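So the structure is just underneath, and the comments pick up after that.
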Amino acid sequence: MHLPIQLRRAGAFTVATLAVVSLVYAFQRPFRVYPTVEGYDNFPIPRDFQEKGEWVFGRLMYPPVGRIYGGFEMAGTWTEGASNWAMDYPRSDRHLAQAVRRLSRIHARSVEQAINLDDGEVSDWPFLYGVEVGHWNLTDPQARTMREFLLRGGFFMCDDFHGQIEWDVFMESMHRVFPDRPVVDIPNSDPIFHTIYDLDDRYQVPGALILETHRAYEKGETGKTPHWRGIYDDRGRLMVAICHNMDLGDSWEHADNPLYAEKYSALGIRIALNYIVYSMTH
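Mapping of the sequence shown onto numbering that gives the first Met the number 0: position 226 corresponds to residue 225, and the numbering continues sequentially without gaps.
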């Protein structure tokens with residue numbers, strides 16, 4: 000039987016597409032657990048960790064400006080974990096993946112993926128999250144890779160940095176990523192605040208430090224006001240979502256901690272769900 004040429008071409012295109020997708024999966028870096036900062040080295044791995052999903056929590060690995068944590072210098076060994084990028088990891092990541100599964104129809108992979116911009120694989124993981132970016136120090140090649148990733152449709156969410164000093168450190172690297180694009184406040188009317196939940200009434204989401212200090216803010220007076228900021232592309236798509244003076248990572252990490260107020264985890268998870276859905280639809 001002779002198929003019409005359009006069907007033959009369509010079939011050939013489908014086969015070629017499947018081959019490319021299979022090739023991408025074949026060369027993606029496998030899941031790996033890195034040493035942590037907060038003592039989660041024995042955090043249980045879900046039984047279905049090898050199951051692929053529609054969405055994966057991509058955790059950005061980055062070189063820090065240099066910091067002593069528990070007597071350990073983290074700047075020199077950041078590619079092997081136990082560095083600023085691994086704060087809250089992996090408990091935060093896996094709690095959020097569970098929340099995505101329960102609160103949406105998105106089939107999230109149950110485990111995170113640590114992503115090094117130097118490995119050339121960031122485009123395989125279109126949602127990228129950076130924690131403690133008030134301590135990052137991207138190299139020029141990493142900044143170029145990040146810029147290309149974002150302009151081609153990637154999405155970057157960053158969180159858990161506080162006060163003016165950490166903002167300045169963050170912006171030093173972000174200026175290398177986008178020297179010509181402004182950071183602006185995200186208006187309440189932006190779709191990112193209304194994809195699943197209407198988030199007009201947002202408030203500061205504190206880190207677990209509130210359990211000790213009883214304060215929702217960190218780093219003095221300049222850490223008191225939460226800011227939801229971002230960077231847009233030429234078509235008005237939000238590429239970078241910046242959560243300054245808040246700690247959504249802790250709100251996910253401590254979602255099962257009875258001492259950490261439920262209202263903070265609830266808002267932190269709702270913000271994340273909106274950002275994830277936005278990243279998949281815009």
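C-beta: ideal position from N, C-alpha, C; glycine also. Computed from a predicted structure; not experimentally measured.
Practice task
Go ahead and pull the three-state DSSP assignment for M145.
Solution key: In the structure shown, M145 sits in a helix (DSSP, three-state: H, G or I).
Exercise for the section: Quick one: grab the DSSP three-state call for P45. Expected result: Correct three-state label for P45: coil.
Practice task
Can you say whether W77 is buried or exposed, counting buried as having 16 or more other CB atoms within 10 angstroms of its CB?
Solution key: Flag for W77 reads buried.
Handout entry: Beta-carbon proximity check, G235 vs D87, cutoff 9 angstroms
Key = Taking a C-beta distance under 9 angstroms as the contact criterion, G235 and D87 do not qualify as a contact pair.
Practice task
Tell me N115's beta-bridge partners as DSSP assigns them.
Solution key: The partner list for N115 (beta bridge, DSSP) reads M60.
Practice task
Take M60 as the anchor and find which of K218, G229, S82 and H174 has the nearest alpha-carbon.
Solution key: The residue among K218, G229, S82 and H174 with its C-alpha nearest the C-alpha of M60 is S82.
Practice task
Closer than 6 angstroms by C-beta to H282: which residues in its own chain qualify, once you throw out the five before and the five after it? Chain order, please.
Solution key: Since the displayed the chain opens at 0 and closes at 281, residue 282 lies outside it and no answer follows.
Problem - C-alpha distance - F154 paired with V121, whole-angstrom precision - result: Distance between the alpha carbons of F154 and V121: 11 angstroms.
Problem - alpha helix (DSSP H) runs wholly inside the region 72-139, at least 4 long, in chain order - result: The region 72-139 contains these whole alpha helix (DSSP H) runs: 90-102.
Handout entry: Expected contact under 8 angstroms - CB spacing of W84 and V55 to nearest Å
Key = The pair is not a contact, with the Cβ atoms about 16 angstroms apart (cut-off 8 angstroms).
Problem - Secondary structure, alpha helix (DSSP H): runs of 4+ residues fully inside the region 184-226 - result: Counting whole runs of 4 or more residues, the region 184-226 contains the alpha helix (DSSP H) stretches 209-212.
Problem - Three-state secondary structure assigned by DSSP to F30 - result: If DSSP states are grouped into helix, strand and coil, F30 belongs with coil.
Practice task
Report all residues from its chain with a CB closer than 7 angstroms to the CB of V132; omit the five preceding and five following residues, and keep chain order.
Solution key: Closer than 7 angstroms at the Cβ level, and outside the excluded window around V132, lie C157, F160 and F169.
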